[in-house]
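Those protein sequences? They're chains C and L, same order as listed. Here the first sequence is numbered in our numbering, starting from 274 and rising by one per residue. Here the second sequence is numbered in our numbering, starting from 2 and rising by one per residue. Even for Gly, the Cβ is constructed at its ideal location relative to N, Cα and C. Let me begin by presenting the structure, written as structure tokens, before commenting on it.
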Amino acid sequence: MLGVGALGVAAGRAVGQIAATMLVASALAFSLVPLFPGDPAFAILSQAVGPLPSAEAIAGKRAELGLDRPLAERYLSYLSSVGHGDLTRSWVSNTPVSELFASRAGATALLAGTALALALATTIALGLISAAGSGRWPDELARTLAIGGAAIPPFVLGLLCLQYVVIKLGVGKVVTDGTVHTLALPAAVLATGIACLWIRPLRALLLDALTSPAVLVAQARGASRARVLFVHALPHAMVGFLPFVALGVGGLITGALVVEAVFSWPGLGLLVVEAVRRRDVPVIQGFTLYATFAYVVASKGADLMARVLDPRLRSAGAWAPR
Amino acid sequence: MRVRLLDRAQRMPERGVLHTPRGRVGLALALLVLLGVTAGPPLLGTDPAAQDLSILLTGPSGAHPLGTDQFGRDVLARLLDGGRRSLSAALVVVSGSLLIGLVVGATAAALQGAGDAVLGRVIDLALGIPALVAALAIVGTLGPGLSNLVLGLLLTGWAAYARIARGLAMRGIDRLDVLSARLAGRSLGRSVAAHVIPAVAAQLVVVATVDLGFTVVALASLSYLGLGVQPPQAEWGTMLLESQDFFVAAPWLLLAPAAVIALTVAATNLLGEALAGPGLAGAELAGRETAT
Chain C
274 MLGVGALGVA
284 AGRAVGQIAA
294 TMLVASALAF
304 SLVPLFPGDP
314 AFAILSQAVG
324 PLPSAEAIAG
334 KRAELGLDRP
344 LAERYLSYLS
354 SVGHGDLTRS
364 WVSNTPVSEL
374 FASRAGATAL
384 LAGTALALAL
394 ATTIALGLIS
404 AAGSGRWPDE
414 LARTLAIGGA
424 AIPPFVLGLL
434 CLQYVVIKLG
444 VGKVVTDGTV
454 HTLALPAAVL
464 ATGIACLWIR
474 PLRALLLDAL
484 TSPAVLVAQA
494 RGASRARVLF
504 VHALPHAMVG
514 FLPFVALGVG
524 GLITGALVVE
534 AVFSWPGLGL
544 LVVEAVRRRD
554 VPVIQGFTLY
564 ATFAYVVASK
574 GADLMARVLD
584 PRLRSAGAWA
594 PR
Chain L
2 MRVRLLDRAQ
12 RMPERGVLHT
22 PRGRVGLALA
32 LLVLLGVTAG
42 PPLLGTDPAA
52 QDLSILLTGP
62 SGAHPLGTDQ
72 FGRDVLARLL
82 DGGRRSLSAA
92 LVVVSGSLLI
102 GLVVGATAAA
112 LQGAGDAVLG
122 RVIDLALGIP
132 ALVAALAIVG
142 TLGPGLSNLV
152 LGLLLTGWAA
162 YARIARGLAM
172 RGIDRLDVLS
182 ARLAGRSLGR
192 SVAAHVIPAV
202 AAQLVVVATV
212 DLGFTVVALA
222 SLSYLGLGVQ
232 PPQAEWGTML
242 LESQDFFVAA
252 PWLLLAPAAV
262 IALTVAATNL
272 LGEALAGPGL
282 AGAELAGRET
292 AT
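Pasting the structure below:
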């Protein structure tokens with residue numbers, strides 16, 4: 274039962290770290306508001322009603338947004354609202370930010386989930402091919418593909434796809450609708466970026482696993498080449514690969530933003546890019562919290578998962594890839 | 002006796018960058034891009050902002066090797082001018098992150114005990130906020146622009162360097178030459194500065210090489226979203242944004258910036274891989290800027 278206890282401690286510590294990171298992220302997002310150039314109330318009103326809002330209207334808007342109260346007080350009340358699941362209201366549309374996010378989250382989850390699955394499948398396939406044929410042409414080919422793919426950022430790949438696949442070949446749509454019918458291209462573009470980052474680390478981990486004593490013993494006992502690769506090397510490498518999956522999730526969050534913009538995919542990313550352009554601070558604050566949460570949960574989750582899968586890591590203190 | 006500071010995966014290759022084909026290609030591409038953006042504009046002599054409405058969207062020709070855009074501006078001149086802007090901003094982000102990370106990480110390792118615990122926690126917290134998310138928060142509040150973008154990428158970007166620097170410096174402090182320097186009467190701080198920091202910095206430069214390419218991509222991506230360099234100033238992402246509606250009629254407006262971005266990233270990746278050797282060193286930073 275000692276292992277379970279150590280895991281429990283690690284899980285408790287992870288929850289504490291997630292909470293601390295969220296506090297820092299919220300403080301960061303909030304401390305930026307006083308740096309907003311000019312008066313937000315004036316900026317909102319001049320966008321909404323016209324170039325010269327009246328003094329009373331501005332004062333009313335300031336009171337409505339709570340801008341007339343001290344920053345610390347506003348931060349505490351923001352924290353308590355967030356604690357209750359209320360991300361305050363958009364400055365531009367006056368809609369609750371959580372409602373805006375909920376209306377877009379499905380499309381982004383579909384895109385990101387599909388891309389994640391595609392990227393994992395591609396990485397494992399190419400990683401295995403590369404490691405199995407190490408030093409020979411399949412390896413060279415896979416590594417060259419990875420370097421070439423990593424050199425083309427997702428927004429450029431997306432634009433190239435629009436130009437040459439959608440317009441020239443007539444496959445897919447220029448403006449996507451956020452459903453499975455137009456999912457293929459944006460998901461493939463997003464997945465390519467992630468997979469190209471993953472292939473080389475997985476290859477290195479697989480090669481490492483292939484030279485481990487455990488694999489040598491398996492080979493000595495007459496295990497076939499396929500059995501050595503799939504049963505002995507791959508699970509071993511996947512434990513070390515978990516932190517890279519977490520890093521990939523971080524890349525997925527920001528990558529989705531750009532890919533959604535290229536394909537006009539009606540997800541969170543498009544909403545946030547629009548909010549940043551119009552400096553809709555509550556939406557940006559909400560996104561900062563959401564993205565930080567997703568990233569930090571992925572990385573702490575990967576850490577815990579590695580401890581569950583690999584008993585050797587349970588007693589170790591700080592755990593890092595290699 | 003020489004005790005190794007760096008473990009197998011992170012060791013510098015004994016043979017040097019030029020002895021691997023990938024390293025040679027990477028170095029050649031890097032020199033090409035650097036030479037292009039430094040010597041290119043004066044050699045070319047074309048004003049990147051000069052509009053000529055009689056030559057809108059003309060294809061590559063002798064006078065305009067990469068064609069002209071929708072305002073009749075020379076695409077090659079804009080690419081080179083934009084490259085100066087992208088590369089110098091990326092250099093500021095990467096070298097700034099490296100310096101802050103080196104100082105924070107080495108300080109944590111030298112302090113040990115409670116000081117290390119506090120700094121280690123700070124590094125962890127900063128690592129939790131992806132650099133691009135911090136950059137979006139900054140740009141979204143302070144307004145779009147290259148300097149706000151650089152500030153935003155620096156805000157948490159140093160943390161990845163600090164974590165690596167801390168780990169390497171902690172191992173470095175246990176080395177025999179540091180011990181003998183201390184026994185000879187040098188203070189801990191001076192011993193670390195003289196014996197640990199140079200080796201740690203050398204490793205961070207390897208990481209920074211790969212990171213430079215990612216930072217160029219991050220800057221171009223955010224500029225493409227309209228959040229970085231603002232038109233009419235040229236930048237690779239901004240050029241793609243501005244000309245987006247004309248790609249079908251004038252494909253060179255898409256292909257030229259796409260090619261220089263790909264060349265730059267490939268150069269830093271190949272160079273970084275050759276410098277790091279066949280390990281995971283550079284890959285550790287990979288997820289950061291990456292998939293933008």
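Within-8 Å CB hit, residue i to chain C
i         : result
Val266(L) : yes
Leu67(L)  : no
Phe329(L) : Absent from the structure is residue 329(L), since the part of chain L shown begins at 2 and ends at 293.
Tyr1(L)   : Here chain L comprises residues numbered 2 to 293, so residue 1(L) is not present and cannot be evaluated.
Val218(L) : yes
Ala263(L) : yes
Gly288(L) : With a pLDDT of 36 at Gly288(L), under the threshold of 50, the modelled position of this residue cannot be trusted, and the question is left open.
Gly129(L) : yes
Val208(L) : no
Val95(L)  : no
Thr293(L) : Legend: pLDDT at Thr293(L) = 35, less than 50; position of this residue unreliable, no value from coordinates given.
Leu81(L)  : no
Val230(L) : no
Test: residue i CB closer than 8 Å to a CB of chain L
i         : result
Phe315(C) : no
Pro411(C) : no
Gly523(C) : yes
Gly590(C) : With a pLDDT of only 49 at Gly590(C), under 50, the local geometry of the prediction cannot be trusted, and the value read off the model is given with reservation. No, Gly590(C) does not count as interfacial toward chain L.
Val448(C) : no
Phe428(C) : yes
Pro444(C) : First, the residue type needs correcting, since residue 444(C) is Val and not Pro in the sequence shown. No, Val444(C) does not count as interfacial toward chain L.
Tyr351(C) : no
Leu275(C) : Reliability of the predicted coordinates at Leu275(C) is poor, the pLDDT of 49 falling under 50, and the value obtained from them is presented with this limitation in mind. No, no contact with chain L.
Val297(C) : yes
Val490(C) : no
Val569(C) : yes
Ala404(C) : no
Selected residue, minimal CA-CA separation from residue i, among the options
i         : options                                       : result
Asp125(L) : Phe536(C), Ala292(C) and Asp553(C)            : Ala292(C)
Leu152(L) : Ile139(L), Ala161(L) and Ala160(L)            : Ile139(L)
Leu399(C) : Asp583(C), Gln436(C), Arg473(C) and Gly431(C) : Arg473(C)
Leu442(C) : Ala345(C), Leu458(C), Val429(C) and Leu349(C) : Leu458(C)
Leu305(C) : Gly121(L), Thr142(L) and Gly84(L)             : Thr142(L)
Glu274(L) : Val211(L), Val266(L) and Leu154(L)            : Val211(L)
Arg551(C) : Val119(L), Phe248(L), Leu264(L) and Gly227(L) : Gly227(L)
Ala567(C) : Leu19(L), Leu223(L), Gly144(L) and Val134(L)  : Val134(L)
Phe215(L) : Thr265(L), Ala251(L) and Tyr162(L)            : Thr265(L)
Val370(C) : Phe303(C), Leu483(C), Ala548(C) and Leu389(C) : Ala548(C)
Leu256(L) : Tyr348(C), Gly339(C), Ile425(C) and Pro324(C) : Ile425(C)
Gly379(C) : Ile557(C), Pro539(C) and Pro555(C)            : Pro539(C)
Cys469(C) : Leu393(C), Ala571(C), Gly406(C) and Thr452(C) : Leu393(C)
Ala575(C) : Arg335(C), Glu533(C), Val512(C) and Phe560(C) : Val512(C)
Closer than 9 Å at the beta carbon, the chain L residues around residue i
i         : result
Arg347(C) : Those within 9 Å of Arg347(C) in chain L number zero; the least Cβ separation is about 14 Å.
Ile440(C) : Phe248 and Val249
Cutoff 8 Å: residue i Cβ touching any chain A Cβ
i         : result
Leu241(L) : Here the protein chains are C and L, and chain A is not one of them.
Under 7 Å from the C-beta of residue i: neighbouring residues of chain L
i         : result
Gln290(C) : Asp125
Thr396(C) : Residues of chain L passing the Cβ test: none, with the nearest at roughly 12 Å.
Beta-carbon neighbours of residue i, restricted to chain C and to distances below 7 Å
i         : result
Thr142(L) : Leu305, Val306, Leu308, Phe309, Arg552, Val554 and Ile557
Ser222(L) : Pro426, Phe428 and Val531
Leu271(L) : Ile420
Gly227(L) : Arg550
Contact list for residue i against chain C, beta-carbon separation under 8 Å
i         : result
Pro252(L) : Gln436
Ile139(L) : Leu305
Ala259(L) : Ile425, Val429, Leu432 and Leu433
Under 9 Å by beta carbon: chain C residues contacting residue i
i         : result
Arg185(L) : One point to set straight first is that residue 185(L) is Ala, not Arg, in the sequence displayed. Residues of chain C passing the Cβ test: none, with the nearest at roughly 32 Å.
(message) Tell me whether the stretch 513-528 of chain C and the stretch 304-322 of chain C touch, counting them as touching only if at least three CB pairs, one residue from each stretch, are closer than 8 Å.
(response) no
(message) I'd like to know if the stretch 489-503 of chain C and the stretch 461-477 of chain C are in contact, where contact means that at least 3 CB-CB pairs between them fall below 8 Å.
(response) no
(request) Output the residue ranges of the alpha helix (DSSP H) runs that lie fully inside the stretch 537-590 of chain C and measure 4 residues or longer, sorted by chain position. (result) 541-550, 554-582 and 585-588
(request) Specify whether the stretch 84-94 of chain L and the stretch 36-52 of chain L touch according to this definition: at least 3 beta carbon pairs, one from each stretch, less than 8 Å apart. (result) yes
(message) Does the contact criterion of 3 or more C-beta pairs under 8 Å hold for the stretch 91-110 of chain L versus the stretch 157-171 of chain L?
(response) Yes, since at least three Cβ pairs between the stretch 91-110 of chain L and the stretch 157-171 of chain L fall closer than 8 Å, the two stretches touch.
(message) My parser needs the alpha helix (DSSP H) runs of 4 or more residues fully inside the stretch 462-542 of chain C; what are they?
(response) 486-493 and 507-536
(message) Quick check: the stretch 425-439 of chain C against the stretch 396-415 of chain C, are at least 3 beta-carbon pairs closer than 8 Å?
(response) no
(request) Spell out a yes or no on whether the stretch 69-83 of chain L and the stretch 228-246 of chain L are touching, meaning 3 or more CB-CB pairs, one atom from each, closer than 8 Å. (result) Enough Cβ pairs lie closer than 8 Å, so yes.
(request) Please list the segments of the alpha helix (DSSP H) lying wholly inside the stretch 89-155 of chain L, counting only runs of 4 or more residues, in order along the chain. (result) 114-128 and 132-143
(message) I'd like to know if the stretch 178-188 of chain L and the stretch 154-163 of chain L are in contact, where contact means that at least 3 CB-CB pairs between them fall below 8 Å.
(response) no
(request) Spell out a yes or no on whether the stretch 185-194 of chain L and the stretch 242-251 of chain L are touching, meaning 3 or more CB-CB pairs, one atom from each, closer than 8 Å. (result) Taking 8 Å as the limit for Cβ pairs, the verdict is that the stretch 242-251 of chain L does not touch the stretch 185-194 of chain L.
(request) Identify every run of the alpha helix (DSSP H) within the stretch 334-407 of chain C, keeping only runs that are complete inside it and at least 4 residues long; order them along the chain. (result) 344-356 and 370-405
(request) Tell me, please, whether the stretch 551-565 of chain C touches the stretch 360-374 of chain C by the rule of three or more beta-carbon pairs shorter than 8 Å. (result) yes
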